[in-house]
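Chains as they are written, first to last, in our numbering: chain A, 96 to 367; chain B, 96 to 367.
Virtual Cβ for every residue (Gly too), placed ideally from N, Cα, C.
A quick note: this is a predicted structure, and the numbers were derived from the prediction, not measured.
In what follows, a single structure is set out as structure tokens and then discussed.
2 protein chains.
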Amino acid sequence: MHLYFSEFHDKGTGIIFKIKKEVYSAVSPYQEIKIFDTCTYGRLLVLDGLVMLTEKDEFVYHEMLVHPAFSFKSVVKKAGVIGGGDGGTIREILKYRDVEEAYLIEIDRMVVEASKKYLPFTASSLKDERVKIFFEDGIRFLNVREEGFDLLFVDSSDPVGPAKALYSKEFYESIRRNLKEDGIVVFQSESPWYHLEIIKKQIDGLSEFFNEVRLYFAPVPTYPGGFWSFTMATNKKLKKQRDFIPPGLRYFNESVRENLFWLPEFVKNVTG
Amino acid sequence: MHLYFSEFHDKGTGIIFKIKKEVYSAVSPYQEIKIFDTCTYGRLLVLDGLVMLTEKDEFVYHEMLVHPAFSFKSVVKKAGVIGGGDGGTIREILKYRDVEEAYLIEIDRMVVEASKKYLPFTASSLKDERVKIFFEDGIRFLNVREEGFDLLFVDSSDPVGPAKALYSKEFYESIRRNLKEDGIVVFQSESPWYHLEIIKKQIDGLSEFFNEVRLYFAPVPTYPGGFWSFTMATNKKLKKQRDFIPPGLRYFNESVRENLFWLPEFVKNVTG
């Protein structure tokens, strides 16, 4: 007998995984958390029925959320992550020696605890002494502070339920307040195949607070449509300021960096 | 009640479609052919259990198989397609007025007949007077000819069973013989997530017959991993020779063309 887990991305299409076994299941104050061993993608983290990461392909998502922005900053002393309780984004940030502080602001302590136990390939990064974890609502955290981040990464859930506020103008404004003047924020921004209207809304919203707002993509096979978008926003000019690329990356490299910003016609038609 | 169709890409992961109804089903001398109406991706063509195209996303695959090569040729008088009985590749080729002849060499007449009837969005192109259809084995067709194609597109099934010979050196050699000296061939070359060894083998094989062999990618959500590769081979220098891009494309544009050739690190590590 085999279990199957499937996530539908719309009313008729989805991804299906053959499951070896369930290794963790809990309901936190915020969401249902499940971790499975799959037959071919290693460990799988599912929040409220949606694939958050698999052991096999999380490297693409985490590398592409983090490394492009680093290449536009010569020095990053302080970086922050909103969400990202699995630790994958922090893991990539820590690959830069100039980083002195990496903040993780994650609302759900149970995601972090489960990740530390069952997803060491991402969460072991959280033990690093440069990491400070705040179990708080990211919106409220930024709302009352001026942290002076060089880089901020919004590694959030999909914009349904509480995560919806992560797409609000109040949030964009408090991000700008918590960034240094030449800081950069990067949002995971959903699938161009399923969420093009969300992407457009986010670009339009961010454009009210930042001069440069750029969309880029990466292929993540276990996310809806197998193709994911990221939105980068800043008030400085985006130009390469760092040659160093951490050794051992599996997706990001010089050739990806040099061809970062392109838009398929069906995306351009919507986002302008 | 709903039917579901699923294709597994390995022993544990796949795509699943909710089906409205089966509109065609037959077994030809070469393969099992099925056409469905899906709930969210329109018409779906399945050969031997594998997704060949859906109405919603076929544009990416067909545009990206065809248009990059055209941009490297100032004039294309004669183009050929091996496989591609659904007509989508021919449809894109015919968007260039300089094309005088477009050959379709498709082994399976029943695929063409079914496509004409049930997939008009791709197959209506086959009625154009510039099109010549040969219901023949592509390998045997090229083997005994010297056609002088400007461009050849290998729009084949996956390299299992009879299509395996499409990855042989004899085939590469007969392609070179059927191309003009400055001709270009483009292969669909499978998913970097599931077929990296095939991609490598194909690049290595083609490199024995062509000076320039370049891999490029496009996101096709209903193909394994949602991300597809194409391999272009030629004995001339690849440089832009045509500004014209046909109006009405939905994926390919100037920005895609200018950022065509990049390789993620995990691909580069294998293909070199």
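Which residues DSSP lists as bridging residue i, in chain order
i	result
B:Lys-116	B:Asp-132
B:Met-96	Partner(s): none; B:Met-96 has no beta bridge.
B:Gly-175	B:Tyr-198, B:Leu-247
B:Thr-329	B:Ile-279, B:Glu-307
A:Phe-312	A:Ser-324
B:Glu-187	BP columns for B:Glu-187 are empty, so no partner.
A:Ile-270	Partner(s): none; A:Ile-270 has no beta bridge.
A:Ser-101	A:Ile-111
A:Thr-149	A:Leu-139
Residue i - DSSP class collapsed to helix/strand/coil
i	result
B:Ser-123	coil
B:Thr-366	helix
A:Tyr-289	coil
B:Ile-340	coil
B:Leu-382	Chain B is shown from 96 up to 367; residue 382 of chain B falls before or after that span and cannot be answered.
B:Leu-358	coil
A:Gly-144	coil
B:Val-155	helix
B:Arg-138	strand
B:Gly-107	coil
A:Val-226	strand
A:Ser-169	coil
B:Glu-353	helix
B:Lys-296	helix
B:Asn-238	helix
A:Arg-204	helix
A:Glu-231	coil
B:Ser-220	helix
Exposed unless 16 or more other CB atoms sit within 10 angstroms - verdict on residue i
i	result
A:Arg-186	buried
B:Phe-131	buried
B:Val-122	exposed
A:Glu-158	buried
B:Arg-420	With chain B covering 96 to 367 only, the question about residue 420 of chain B has no answer from this structure.
A:Glu-303	exposed
A:His-97	exposed
B:Gly-321	buried
A:Gly-343	exposed
B:Lys-129	buried
A:Asp-299	exposed
A:Gln-336	exposed
B:Val-170	exposed
A:Lys-168	buried
A:Gly-180	buried
Residue of the options minimising C-alpha distance to residue i
i	options	result
B:Val-155	B:Val-351, B:Ser-123, B:Pro-359, B:Leu-358	B:Val-351
A:Arg-272	A:Asn-238, A:Lys-296, A:Gly-321	A:Asn-238
A:Pro-215	A:Asn-364, A:Arg-192, A:Gly-183	A:Gly-183
A:Thr-326	A:Phe-236, A:Gln-126, A:Met-147, A:Pro-287	A:Pro-287
B:Gly-178	B:Ala-260, B:Phe-339, B:His-97, B:Arg-240	B:Ala-260
A:Lys-264	A:Asp-143, A:Gly-320, A:Ile-234, A:Leu-160	A:Ile-234
A:Leu-247	A:Asp-193, A:Thr-149, A:Lys-275	A:Lys-275
A:Lys-151	A:Ala-218, A:Lys-211, A:Thr-317	A:Thr-317
B:Met-205	B:Ala-218, B:Asp-193, B:Tyr-198, B:Glu-195	B:Ala-218
B:His-290	B:Phe-356, B:Val-362, B:Ser-101, B:Ser-210	B:Val-362
A:Lys-173	A:Ile-293, A:Glu-195, A:Phe-266	A:Glu-195
B:Val-141	B:Asp-105, B:Ser-324, B:Phe-112	B:Phe-112
CB contact below 8 Å: residue i versus chain B
i	result
A:Glu-292	no
A:Pro-342	no
A:Arg-309	no
A:Asp-299	no
A:Thr-108	yes
A:Tyr-156	no
A:Phe-347	yes
A:Val-118	no
A:Gly-179	no
A:Phe-322	yes
Residue-chain proximity (residue i, chain A), Cβ-Cβ < 8 Å
i	result
B:Lys-113	yes
B:Pro-215	no
B:Arg-337	no
B:Thr-326	no
B:Ser-166	no
B:Pro-314	yes
B:Ser-57	It is not possible to answer for residue 57 of chain B, since the shown part of chain B is limited to 96 through 367.
B:Phe-229	no
B:Thr-135	yes
B:Pro-359	yes
B:Ser-350	yes
B:Lys-190	no
Contact test: residue i Cβ vs the ligand MG heavy atom, cutoff 7 Å
i	result
A:Val-118	No copy of the ligand MG occurs in the structure displayed, which carries no ligand at all.
Chain D within 8 Å of residue i, Cβ atoms only
i	result
A:Ser-284	Protein chains in the displayed structure are A and B, and chain D is not among them.
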